[in-house]
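Step one of this worksheet: look at the structure below.
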Amino acid sequence: MRIVVIGATGHIGTFLVPRLVRAGHDVVTVTRGTRTAYADSPEWQQVERVTADREQEDRDGTFGARIVGLRPDAVIDLVCFTLSSAEALVTALRGTDAHLVHCGSIWRVGVSHVLPITEANATPSFGDYGVQKDAIARMLKEETASGGLVTTSLHPGHISGPGWPPIGPLGNLDPSVWTKLSAGEVLEVPGLGAETMAHVHADDVAQAFQLAVEHRDAAAGEDFFTTAPTALTARGYAHLAASWFGQEARLDSVSWDRFRETTPPEHAGASWEHLSRSQVFSIEKPRRLLGYEPAYTAEETVLDAVRWLVSHGEVEVARPLVV
């Protein structure tokens, strides 16, 4: 197939583009051209590259026509964040035989009520990001159900992998967490520590996107949660991470008020956004319809990311990794 990947040099695209090339597809990448993929591979030499400023072209009303002009069999949209942008692309592609595969987010779901969360029992989203992602997914589903463009939406968890920091045991990106755990220092954990996070390796997300375009009939009109087969609690994650450095985690459970007093606002806010949802997802649907089989557990996913950070000197740790 001729596959256009929009936003191809980010977390997912770094792994997805080489996968598609290896599978024999003709790949066209559409990016702003401001950065390269997190990891290089020879497959990138076989890719047709297009530079475009999507935000500006969306404002000009020209982006959809640009994508149609690339004559895609499938379009994988990894960087669409508003309903209006999604609708403009759907309108442009409607009437073609293209298959639009959209990257959503597990944050299209709100706080957990029933675990694991499935596509059928999800609670209403909150926050602008999640609300927009949910609105896009619903619009796409209705578009296909009404006989319009063939669409699919995939909703990854907290994407991790080599090249960037993972969401840490406190539900944020504070690098001092790794310093404290590696040194055996006390780590203050807000709430009960039983709150959950849903990580997924970037290559497993890439696998799901590849499966969606290669199983068009099964994916048409569907939405899928895409996470690792396991999930981590805050305290479990902290104990696991400390063990990577040969340490025992020393955790102090504190109130959210205390945590906010002692934590920079951006990190405290991120922790609340992740931990208050306390999500665990079922991947039965993508397994059944697409053959999705993640290669990494949540534990292996975050270790792969931390190992890269340590080996590249991106975090300050008191002891070396022992795993």
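Per full-length UniProt numbering, the very first residue in the sequence shown carries number 1; after that it's consecutive.
Every residue gets a Cβ at the ideal spot worked out from N, C-alpha and C, and that includes glycine.
Determine the contact status of proline 156 and isoleucine 106, defining contact as a CB-CB distance below 8 Å. yes
Would you mind working out which of Ser153, Thr14, Ile6 sits nearest lysine 285, comparing C-alpha positions? Ser153
Aspartate 204 - containing alpha helix (DSSP H), residue span: 202-214
Which term fits asparagine 172, buried or exposed, when burial requires 16 or more other beta carbons within 10 angstroms of its beta carbon? buried
If the criterion is Cβ atoms closer than 8 Å, does the pair valine 17 and valine 5 meet it? yes
Please state whether DSSP places arginine 250 in a helix, a strand or coil. strand
Uninterrupted alpha helix (DSSP H) stretches inside the segment 262-291 (no shorter than 4 residues): 265-275, 284-290
Around the C-beta of histidine 102, are 16 or more other C-beta atoms found within 10 angstroms, so that it is buried, or is it exposed? buried
DSSP beta-bridge partners for phenylalanine 81? None; phenylalanine 81 has no bridge partner.
From which residue to which residue does the alpha helix (DSSP H) around phenylalanine 225 run? Where phenylalanine 225 is concerned, there is no enclosing alpha helix (DSSP H), although the beta strand (DSSP E) it sits in stretches over 223-226.
Extent of the continuous alpha helix (DSSP H) to which arginine 19 belongs: 11-22
Rounded to whole angstroms, what is the Cα-Cα separation between cysteine 80 and valine 90? 12 Å
Return yes when the Cβ of alanine 206 is within less than 8 Å of the Cβ of phenylalanine 15, no when it is not. yes
With distance defined between alpha-carbon atoms, name the residue in Gln247, Arg260, Thr233 nearest to valine 302. Thr233
What does DSSP give as the partner residues of aspartate 26 in its beta bridges? Arg2
Can you check whether the CB of methionine 1 is closer than 8 Å to the CB of aspartate 73? yes
How many Å lie between alanine 219 and histidine 274 at the Cα? 28 Å
Identify, in the order they occur along the chain, each residue of the same chain with its Cβ nearer than 7 Å to the Cβ of aspartate 134, setting aside the five sequence neighbours on each side. Arg108, Ser125
CA nearest to the CA of serine 276, picked from Asp58, Gln45, His113, Ala202: His113
Just mark alanine 145 as buried or exposed, buried being the case when its beta carbon has 16 or more other beta carbons within 10 Å. exposed
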